[in-house]
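*Asks:*
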Amino acid sequence: MSITWPQYLSSLLNPNSPKVGTIDFSQPTLTTALRVSYALPHQTLPRQCYYGCYFLALTIFSLGILRDHLFNVALDNQPVYPPVQLPLLGAVSFAAGQVLVLTSMWRLGVTGTYLGDYFGILMEDMVQGFPFVWWTGGSPMYVGSTLCFLGISLWKGRLAGVALSGVVAAMYVVALRFEDPFTAEIYAQKAAKEAKQEKGKSTAIEGSTRELRSRKKA
């Protein structure tokens, strides 16, 4: 629903006008969406390798659908705020977010996307290149999700949605403070283990070569 500035100003004096304003904190749908947005980045399960990872993937994916639904319901119960009613910018933001999310999933696969490293399922190397570039902070999935929420909020012109998008971004930043060091550590351990194994193989080969030479001399 598009609201012009004259309509917005007149609606402030008309109690029977369509919902227009900033944020309606009395709506329970707003607090529900906020709680789910906070909880989703922190979902964890016991590390049961592939089965555990796939179950976690299904859980996170299902909760993501629920979160998106609650987000939209919350926005539909909020007033329109003309200064943030920017459909074109919202469409661009949503499209950019989808590109980042989908390309991230394509590069990482199921186990890489849904915390497979917590189950000891590692890729050959940490993924480099687009969309894992500097301007996404190395976390294009989180940046993309935030852009999608922001895009929907701007499309619908809901200030509450913009605020919720900020909360989502903040939760992702907090999650990354734990995820990034953990990911760097486990891949460093993987590299050290592989280097040690290679060194052991080289030592074994050198020992076998010396033994063969000794036998030939004898």
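Residue 218 is where the sequence shown ends in full-length UniProt numbering, and the numbering goes up by one at each step.
We put the beta carbon where it would ideally sit given N, CA and C, even for glycine.
Given the structure is predicted, the values throughout are model-derived calculations rather than measurements.
Taking the beta carbon of G129 as the centre, do at least 16 other beta carbons fall within 10 Å, making it buried, or is it exposed?
*Replies:* exposed
*Asks:* Comparing alpha-carbon positions, which option in L58, P79 and R177 lies nearest G116?
*Replies:* L58
*Asks:* Does the distance from the C-beta atom of S93 to that of L150 stay below 7 Å?
*Replies:* yes
*Asks:* Less than 6 Å between C-beta atoms, sequence neighbours within five positions excluded: which residues of the same chain meet that for C148?
*Replies:* F94 and G97
*Asks:* Can you give the beta carbon distance from V101 to G144, rounded, assuming they're within the 8 Å contact cut?
*Replies:* 4 Å
*Asks:* To the nearest angstrom, how far is it from the Cα of C49 to the Cα of G161?
*Replies:* 37 Å
*Asks:* Tell me the residue span of the alpha helix (DSSP H) that contains V127.
*Replies:* It is not in any alpha helix (DSSP H) - V127 carries neither H nor E in the DSSP assignment.
*Asks:* Return the CA-CA distance between K190 and P87, expressed in angstroms with no decimal places.
*Replies:* 47 Å
*Asks:* Would you check if the distance between the CB atom of G90 and the CB atom of W155 is smaller than 7 Å?
*Replies:* Contact flag set, yes.
*Asks:* Under three-state DSSP, which class holds V80?
*Replies:* strand
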